[in-house]
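Engineer: Sequence lines, in order, name chains A and B. Numbering of the first sequence is given in the working numbering, commencing with residue 1 and proceeding in unit increments. Numbering of the second sequence is given in the working numbering, commencing with residue 1 and proceeding in unit increments. Even for Gly, the Cβ is constructed at its ideal location relative to N, Cα and C. Below is a structure I'd like to ask you about.
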Amino acid sequence: MRLVDVPVQVTVQAGRLLGFRWRGRTRRVVRVIDRWRYLGRWWAGEGEWRFVKVETDDGGVFELYLDVAAGQWRLYRVYD
Amino acid sequence: MTKGFAHLHAHSPFSFLDGASPIEELVRQAADLEVPALAITDHDNLSGAVRFVQACSKAGIKPVVGCELTLQSGHHLTALADSPDGYANLCRLLTAAHLGHERGKPRTMWADLVRHRDGLLFLSGCRRGEIPSLLHRRRYREAEQVARRYARELGRDRFLIELQATELPGQHRVNRDLAELADHLGLVAVATGNVHYATQDRYPVHDVLRCIAAGVTLEEPHPARPFNDQLHLIPPSEMRDRFAWYPAALTNTVAVAERCQPALVLGRPRHPRFAAPPGETAQGFLRRLVWEGAQRRYGRIGPELRRRIEDELAVIDRLGMADYFLIAWDVVQFARRKGIRASGRGSAADSVVAYCLGLTDVDAFRRGLRFERFLSVERGEPPDIDIDFDAGRRDEVAAYVYRRYGHRHVAAVATYHTYRARGALREVGKVLGMPEDVIDSMARRMPHLPADAIPRALDHYPELRSIRPGADSRLDRWLEISQALAGLPRHLGTHSSGLVIAAEPLADITPLQRSGKGVVMSQFDKDDVEALGLMKLDLLFLRMLGAVNTAAAAIRRRNPGFDYDRIPHGDHRTYRRIQRGETVGAFQLESPAQRALHPRLRPRGFEDIVASVALIRPGPIKGDMVRPFIARRNGQEPVTYIHPKLRPILEKTYGVVLFQEQVIEIAREIAGFTPGEADALRRAMSSFRSQAEMDRIGQAFIAKAVARGCAPDVARTIFGYIAGYAGYGFCEAHAASFATIAYKTAYLLEHYPAEFYAALLSHQPMGYYPPNTLIWEAKRRGVPVLGPCVNRSGRGFEVEDGAIRVGLGQIRTLSDATLDAMLAARARRPFSSLDDFCRRVEPLTAEEAEQLVLAGAFDGLHPNRRALLGRLPGALHRARRARDAQRHWDPPDPEGAAMDDFPILERDLREYHALGLTVERHLMHHWRAVLSRWGARTCDEVARLPRGHPVTAGGLSIRPHRPPTKSGRTVVFLTLEDETGLIDVTVFEDVYMRFGQELFVSPGLLVSGYVERQGEGVSIVAKRLEPLSPAARGPVHNKPLRA
Chain A
1 MRLVDVPVQV TVQAGRLLGF RWRGRTRRVV RVIDRWRYLG RWWAGEGEWR
51 FVKVETDDGG VFELYLDVAA GQWRLYRVYD
Chain B
1 MTKGFAHLHA HSPFSFLDGA SPIEELVRQA ADLEVPALAI TDHDNLSGAV
51 RFVQACSKAG IKPVVGCELT LQSGHHLTAL ADSPDGYANL CRLLTAAHLG
101 HERGKPRTMW ADLVRHRDGL LFLSGCRRGE IPSLLHRRRY REAEQVARRY
151 ARELGRDRFL IELQATELPG QHRVNRDLAE LADHLGLVAV ATGNVHYATQ
201 DRYPVHDVLR CIAAGVTLEE PHPARPFNDQ LHLIPPSEMR DRFAWYPAAL
251 TNTVAVAERC QPALVLGRPR HPRFAAPPGE TAQGFLRRLV WEGAQRRYGR
301 IGPELRRRIE DELAVIDRLG MADYFLIAWD VVQFARRKGI RASGRGSAAD
351 SVVAYCLGLT DVDAFRRGLR FERFLSVERG EPPDIDIDFD AGRRDEVAAY
401 VYRRYGHRHV AAVATYHTYR ARGALREVGK VLGMPEDVID SMARRMPHLP
451 ADAIPRALDH YPELRSIRPG ADSRLDRWLE ISQALAGLPR HLGTHSSGLV
501 IAAEPLADIT PLQRSGKGVV MSQFDKDDVE ALGLMKLDLL FLRMLGAVNT
551 AAAAIRRRNP GFDYDRIPHG DHRTYRRIQR GETVGAFQLE SPAQRALHPR
601 LRPRGFEDIV ASVALIRPGP IKGDMVRPFI ARRNGQEPVT YIHPKLRPIL
651 EKTYGVVLFQ EQVIEIAREI AGFTPGEADA LRRAMSSFRS QAEMDRIGQA
701 FIAKAVARGC APDVARTIFG YIAGYAGYGF CEAHAASFAT IAYKTAYLLE
751 HYPAEFYAAL LSHQPMGYYP PNTLIWEAKR RGVPVLGPCV NRSGRGFEVE
801 DGAIRVGLGQ IRTLSDATLD AMLAARARRP FSSLDDFCRR VEPLTAEEAE
851 QLVLAGAFDG LHPNRRALLG RLPGALHRAR RARDAQRHWD PPDPEGAAMD
901 DFPILERDLR EYHALGLTVE RHLMHHWRAV LSRWGARTCD EVARLPRGHP
951 VTAGGLSIRP HRPPTKSGRT VVFLTLEDET GLIDVTVFED VYMRFGQELF
1001 VSPGLLVSGY VERQGEGVSI VAKRLEPLSP AARGPVHNKP LRA
């Protein structure tokens, strides 16, 4: 498992993550394993992060999150 | 199928530091979301249940009463009562969980759960539930086994699987596993929100509360802290989205709520039973006792008195209160048998029956007091019999009640300690990581106000002027969150006086738990137990009754014939003292306001003392009753009545509204208010909560009075009296009860100052003034004061050859165990030296020994305190060595090098720190030289100056406070104390706003202004204030004392 935490381009439909692009390759989400919400250091102005743990079409498992305040998706962790 | 969604798992603030929205807010939000039912499920208690049911009933929502139980394994289980039987079982379970385990760690045993499962529904719980926690760890087989056991032992129809919408890592997977498990086992599944606050914006408050509970700051991670802001009342539409994959989990919640019948029945009287003698009913026995008592009290019983007693007995009978009166009578009888001083107070003194039973000493018949004030068929409320006992022996009385009625039928009443401004600022400041000195300074400057009054306080009070919100985001957050804690309960405490007594076992009606002192108490407070229909007996403690007993015993040692109960009425010297306002120490007569009143009122009879006790209260003060009363009493103003019907009501108070019951009688006589309407008026007046309510009553009063023939302008003026009185006032019966003690203590003060002051000092904390003021007041009365002495002092202050000897109990940090050891060792033989003392007293800490030296307790053995302090480590070391070697003696230390004692200022300051008072020199002695240079006068000199004379004086600042005023403006009153006496100071709003920054925090003040005189009373009206700091002090006779 590696911590990555980089911005990624995603495809979202009706709020659901369909796929994302990382290292020049587009990966399609085949299964949502888990999702949760985390609220950071609210006293320091951090907002909500919406996590999703997915399995992709190439068999990979990834953890991504949407930084709600910034409106930005980031790839957080890669499960080897 | 039932549609919709009901929230079946919600924590109120009574989850103590784990619920962030007031109950009313939770219920209001649930109503706004159109949720048909809401369950309260606090951690291991039902303290919020009564007000939750009341709030739901107002909002039109179905309340479900429940609890989140902690099982013996530490797992959680949600329980909901579906009927009164279920509620009773929940009470029994919680009682067993609390009383059967360490205080603060309740655990429900599985066997109890199975035994008391009837009427309860069980939900599998949060992540800390046994089944969800197994599923989180993917231990599926064990989870299934546990679920099967729960279903088998709790009942298949009573055990439900709980899915939660918490959006935590792993929760979605566990929810699917739980749903699968429910389907597999044929169990019902419900979705819940595990609610901890009403709306998401309360999340920071919840996080801060969890930090307080865990003892961490915001920057410190802790598993007890919330992970996200999803513990709010999620709207049903959102729940539909989250559980679209399993909609039955939502509709099942409504079916469960429908299954739950009202479980907590309020208002059903649950009267206690008194065991009357064989062959007699409680009513018959009460009648017998009352008529016997009447014979004793009155001798001859005329027809009017007979009718009054019969009327009272009829009401008591009709309301079924005979047992309650007998229980109160029995308690007082016990106290009398044991020589414990008791005195009834409050509205019970409106009852002739209570007087005949000896519950009170106020003759309600002779005083014309109305019984309806105490008890009426129309109100139908349980009476409140409040009895004061000698504080030191109140627990003996309570223990008797437990013995007499059985531990299963008696419990103390709880109090909910809620956040107020100071406490909230301290705890939130710590969590936010604010520096300790900043927190301390802010909290000390903040007046005692509700937490939501913080913004108003910052605007209004000059001592908070330096705090400017808006300039610093951390400060703003601190203030905002502190404010948001307003009214949230922090923890459960024991009510100081209330006991509930019930015929049924209390554990069927209320959960019981143990207090910090080990007392068994209900989880409900006094209002809630009343709503539950339980009867409460208030066994109050009055330290003054203890002081009176101590003083009387000391007086009898030199005057064996003295009897406190036979203190002569109308003692001239006592009245002269009261008239001069020299009443520091006298019960109810010692505050600056009372001392200022008496030289103007010039009390010359007992009724004047009753009046003065009642006058200095928020109601009469705000109603501007004080000045007219004095003028009319002293014949300087004619006594007039705006309406002839007012004459009989106000005649004894010279046409002025003084007592609370006069207001009620005016409403009845002028406007024809029914007792119920009059009671609504009394509540509106004393709670001073709602101006709108008062306006509504005012309109009703005027309309009714006009309909009864009163001119509209007269009706308006009369209601003006009533509205002006708004605020707390004494009823006449209560004032008369207190006035009796007030007069007698003034008598003791006049005739036996040494014994009385010694007793007052031994029973601290009590009264208005700190021990230092009392000691110096005694000295000014010519009573010599001797410092503490390891060989002479007792535990308390004692009279020794006409002088007051300071008690060893006064020394700060001295533990009871050390004190006991000292007294026991001394009983064998006196201490001969510091070494001897250290060797023979065990336990003894270095700090205790140090404080004894600094307090002067060894002065009799060695007068040089600094030298003794220097020798202390060696003495303690040698004592330890000697004890270790089990030797009975050790060679004493050779005299150390000669060492000067502390300079006298340092010696006195250290003594003050150790004792809370100084014996030889008043602290202001050290400022005198510099004060004189500044032209400041002593208090004694000020008292001799004419009215209007400009003056400057410095002294210790005693009890600065801001009482309510008739104008509504802020006026600060304080007392300056120096080595010559006391002088009261009035600080009006403009001066306070200009110079008040340090007023409430500086121990000493320099006040400039002018002299005010009223009668024999003298005070200073301040024009300028400055703190007196040690740095401003010039060198006084600061020569060291040589050993």
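#1: Cα separation between B:Y140 and A:G19?
#2: DSSP three-state call for A:A69: helix, strand or coil?
#3: Just tell me which of B:E848, B:V785, B:R403, B:L945 has its CA closest to the CA of B:D816.
#4: Measure the C-alpha to C-alpha separation of B:M1 and B:L80 and round it to an integer number of angstroms.
#5: Ordered along the chain, which non-local residues of its own chain (more than five positions away) have a Cβ less than 8 Å from that of B:R318?
#6: With a threshold of 8 Å on Cβ separation, who are the neighbours of B:Y912 within its own chain once the five nearest residues in sequence on each side are excluded?
#7: Could you tell me which chain B residues have their CB closer than 9 Å to the CB of A:L39, listed as they occur along the chain?
#8: Residue range of the alpha helix (DSSP H) that B:M521 falls in?
#9: Give, in chain order, every unbroken run of the alpha helix (DSSP H) that is at least 4 residues long and sits entirely within the segment 145-203 of chain B.
#10: Assign B:R1042 to buried or exposed, taking buried as 16 or more other Cβ atoms, counted over all protein chains shown, within 10 Å of its Cβ.
#11: Using C-beta distances below 6 Å, list every residue in its chain close to B:P132, excluding the 5 sequence neighbours before and after it, in chain order.
#12: Keeping to the same chain, check which residues put their C-beta closer than 7 Å to that of B:G787; ignore five residues upstream and five downstream.
#13: Identify each residue in the segment 168-192 of chain B for which the Cβ-Cβ distance to at least one residue of chain A is less than 9 Å, and report them in chain order.
#14: Shortest alpha-carbon distance to A:I33 belongs to which of A:G47, A:R2, A:K53, A:R27?
#15: If you drop the 5 nearest sequence neighbours on each side, which residues of the same chain put their C-beta closer than 7 Å to that of B:E312?
#16: Any Cβ of chain A within less than 8 Å of the Cβ of B:R477?
#17: Which of the three DSSP states is assigned to B:T970 in this structure?
#18: Starting from the C-beta of B:S1048, find all residues in its chain whose C-beta is less than 8 Å away, skip the five residues before and the five after it, and write them out in chain order.
#19: Taking the straight line between their C-alpha atoms, what separation do you get for A:R50 and B:A165?
#20: Given B:I1104, which residues of its chain have a CB within under 7 Å of its CB, disregarding the five upstream and five downstream residues?
#21: Can you find the residues in the same chain that come closer than 8 Å, C-beta to C-beta, to B:A31, ignoring five residues on each side of it along the sequence?
#22: Could you give the distance in angstroms between the alpha-carbon of B:L163 and the alpha-carbon of B:A143?
#23: Determine whether the beta carbon atoms of B:R633 and B:L601 lie at a separation below 8 Å.
#24: Residues bridged to B:E1054 by DSSP?
#25: With distances taken between CB atoms, is the gap from B:D82 to B:C211 smaller than 8 Å?
#26: So, is B:G954 buried or exposed, given that buried needs 16 or more other C-beta atoms within 10 angstroms?
#27: Could you work out which residue in B:V431, B:E480, B:Q662, B:V790 is closest to B:A421 when comparing CA atoms only?
#28: Scan the segment 128-160 of chain B for residues whose Cβ lies nearer than 8 Å to a Cβ of chain A and list them as they occur along the chain.
#29: Mind listing, in chain order, the continuous alpha helix (DSSP H) runs of no fewer than 4 residues lying wholly within the segment 792-858 of chain B?
#30: I'd like the span of the beta strand (DSSP E) that includes A:Q9, first residue to last.
#31: Note down, in chain order, all residues in the segment 646-670 of chain B with a beta-carbon under 7 Å from any beta-carbon belonging to chain A.
#32: Candidates B:G119, B:L834, B:G104, B:E180: which alpha carbon is nearest B:L135's?
#33: Would you mind sorting B:H172 into buried or exposed? The rule is 16 or more other CB atoms within 10 Å of its CB.
#34: Around the C-beta of B:L425, are 16 or more other C-beta atoms found within 10 angstroms, so that it is buried, or is it exposed?
#35: With which residues is B:M535 paired in a DSSP beta bridge?
#36: Any beta-carbon of chain A closer than 8 Å to the one on B:L485?
Structural biologist: Looking at the coordinates:
#1: 31 Å
#2: coil
#3: B:E848
#4: Note that B:M1 scores a pLDDT of 38, beneath 50, so its modelled location is shaky; the value from the coordinates is reported in the next line. Cα-Cα distance, rounded: 22 Å.
#5: V377
#6: N772, T918, L923
#7: Y203, D207, P226, F227, N228, D229, Q230
#8: Element bounds for B:M521: not the alpha helix (DSSP H) but the beta strand (DSSP E), 520-525.
#9: 171-185
#10: Only weak support is given to the placement of B:R1042: the predicted model assigns it a pLDDT of 37, under 50, and the value that follows is read from those uncertain coordinates. The residue is exposed, with fewer than 16 neighbouring Cβ atoms inside 10 Å.
#11: V174
#12: V806, G856, D859, V919
#13: L168, P169, G170, Q171, H172, R173
#14: A:K53
#15: S351, V352, V353, F371
#16: yes
#17: coil
#18: Chain B is shown from 1 up to 1043; residue 1048 of chain B falls before or after that span and cannot be answered.
#19: 14 Å
#20: What the structure shows of chain B is the stretch from 1 to 1043, and residue 1104 of chain B is not part of that stretch, so it cannot be assessed.
#21: A59, G60, I61
#22: 14 Å
#23: yes
#24: Nothing can be reported for residue 1054 of chain B, as the shown portion of chain B is limited to 1 through 1043.
#25: no
#26: buried
#27: B:E480
#28: none
#29: 816-828, 834-840, 846-855
#30: 9-13
#31: none
#32: B:E180
#33: buried
#34: buried
#35: B:I501
#36: no
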